[in-house]
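With the first letter of the sequence shown counted as 1, position 90 gets the number 90 in the working numbering; the numbers rise by one all the way through.
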Amino acid sequence: MRCGVLGSCGMRLEAPAPLCPLTVTIHNPSQAEQLARELAWCVEKLELGLKMQRPTPKQKEQALGAIRTLRSQRTPLPRKRQLMRSLFGDYRAQIEAEWREALQALRTAAHSAQVQPVGEAARKKSRRVCRLRPEGRSKGTLDTRDEEFRFNFF
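Written as structure tokens, this is what we have:
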């Protein structure tokens, strides 16, 4: 698809599609991945809202229509972005804030996690037998014969 532009001499010049303001294409794979993440986040929020809240029939219909529009391959990208902005406001800032909160929660969980050795009383009380492995023995050696493996069905 090309857009016509009038040059200084009055002749019609053809501009390639990426320069056209009406045509939007994604050139960078990271942009496509970011768009996919943004769409997935918005769809997830809409579906979560349908499950957790008690929407009115009108709200439910609007949410389902928005989900259908966002998942559609035929819907143009500007329309999807417009819909996401109208539903969630600054959705990119919300995604970033949610990501930061999750990262902070993971960091605090990693710092607070502690491994404590099992005491002697707990080992004796347990039904499982816990034995220390001898140092000289390797972990994964099996006694194998030098024969070729064959199925013996008959």
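Even glycine gets a Cβ: it sits at the ideal position worked out from N, Cα and C.
Across the set Ala121, Glu96, Cys42, the C-alpha of Cys42 shows the shortest separation from the C-alpha of Ala66. Assignment of Ala113 by DSSP, reduced to helix, strand and coil, places it in the coil class.
Rounded to whole angstroms, the Cβ separation of Lys60 and Leu46 is 10 Å, and the two are not in contact under 8 Å. In the displayed model, Pro76 falls within coil according to three-state DSSP, outside both helix and strand. Secondary structure note for Thr69: its alpha helix (DSSP H) is the uninterrupted segment 57 to 71.
Distance between Ile95 and Val118, taken at the CA atoms: about 41 Å. Secondary structure of Val118 (DSSP, three-state): coil. Leu87 is not a Cβ neighbour of Leu39, given a cutoff of 8 Å. It is roughly 10 Å from the alpha-carbon of Leu35 to the alpha-carbon of Lys80.
Residue state for Phe149 is assigned as coil, using DSSP reduced to three classes. Excluding the 5 residues flanking it on each side, Thr75 has same chain C-beta neighbours closer than 7 Å at Thr69, in chain order. Using a Cβ distance threshold of 8 Å, Pro55 and Ala63 count as a contacting pair.
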